[in-house]
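Quick notes on the structure that follows.
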Amino acid sequence: MTSPYLIIDNDLCQDIENTALRGVNIKIIVPHIPDKKLVFGMTRSFYRRLMDAGVEIYEYKPGFIHAKSYLADNEIAMIGTINLDYRSLVHHFENGVWMYGCDSIRDLRADMDDTIAKSIRITPDMLKTSLMERLIRSVTRIFAPML
């Protein structure tokens, strides 16, 4: 999946973790260069938890990636305006195009492969943060539904 903002709640985070723990290969691509530093910090605050469950996380290095796309089994896909955050999923009337078994899915797969090739795979040693940064992220999580 690609998303510019990964501000997920505990339930969605747990769903992603459980899916990865069942052996599903999950790759998430987010920007390496943020447009909002606070939101970027929030996005990164989920990395360790997801990675511990086996999720692969990539940051798109050339710039900001704003795509919101999801691909499953090279057979089902969705592209739209839906960010993985509370406001997008609950309050906004965002939408996407659901695709099944069409040629566009092959194109999306090629684009995702190209995007991953231009991205940095995040490793646990890259997740070291200062005590102050962890404190800021913890406090910010309280306000996540409003971000």
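Numbering-wise, the sequence shown is residues 53 to 199 according to our numbering. Glycine is no exception: its CB is placed at the ideal position from the N, C-alpha and C atoms.
Alpha helix (DSSP H) segment containing residue i, residue limits
i    : result
L64  : 62-73
M164 : 155-169
M94  : 89-96
M53  : Per DSSP, M53 belongs to no alpha helix (DSSP H) and is neither H nor E.
Start-to-end residues for the beta strand (DSSP E) that takes in residue i
i    : result
M151 : 148-152
Y112 : 108-112
L179 : Element bounds for L179: n/a, residue is neither H nor E.
Y122 : 121-124
Residue i versus the options, residue with shortest Cα-Cα distance
i    : options                : result
I174 : N62, I85, D166, M103   : M103
D166 : D155, I117, N135, T192 : I117
L64  : I168, T192, D87, N135  : N135
T54  : L187, L141, T133, E185 : T133
Y122 : H143, S156, M184       : S156
N62  : G75, Y138, V76, D87    : Y138
Environment of residue i [buried if 16+ CB atoms lie within 10 Å]
i    : result
P56  : buried
F145 : exposed
K120 : buried
D67  : exposed
E185 : exposed
Supposed contact pair residue j and residue i - C-beta distance, whole angstroms, cut 8 Å
i    : j    : result
I60  : T71  : With 8 Å as the limit, I60 and T71 do not qualify as a contact, their Cβ atoms being about 13 Å apart.
L73  : A105 : 5 Å
I188 : G93  : 7 Å
I131 : L160 : 7 Å
*Looking at C-beta atoms only, is the number of pairs between the segment 96-106 and the segment 123-133 that lie closer than 8 Å three or more?*
They do not touch, by the three-pair rule.
*Answer yes if the segment 150-159 comes into contact with the segment 78-87, meaning at least three C-beta pairs across the two stretches below 8 Å, and no otherwise.*
No, the segment 78-87 does not touch the segment 150-159.
_Count Cβ pairs between the segment 157-172 and the segment 105-112 that sit closer than 8 Å; are there 3 or more?_
Three or more Cβ pairs closer than 8 Å define a contact, and the segment 157-172 meets that threshold against the segment 105-112.
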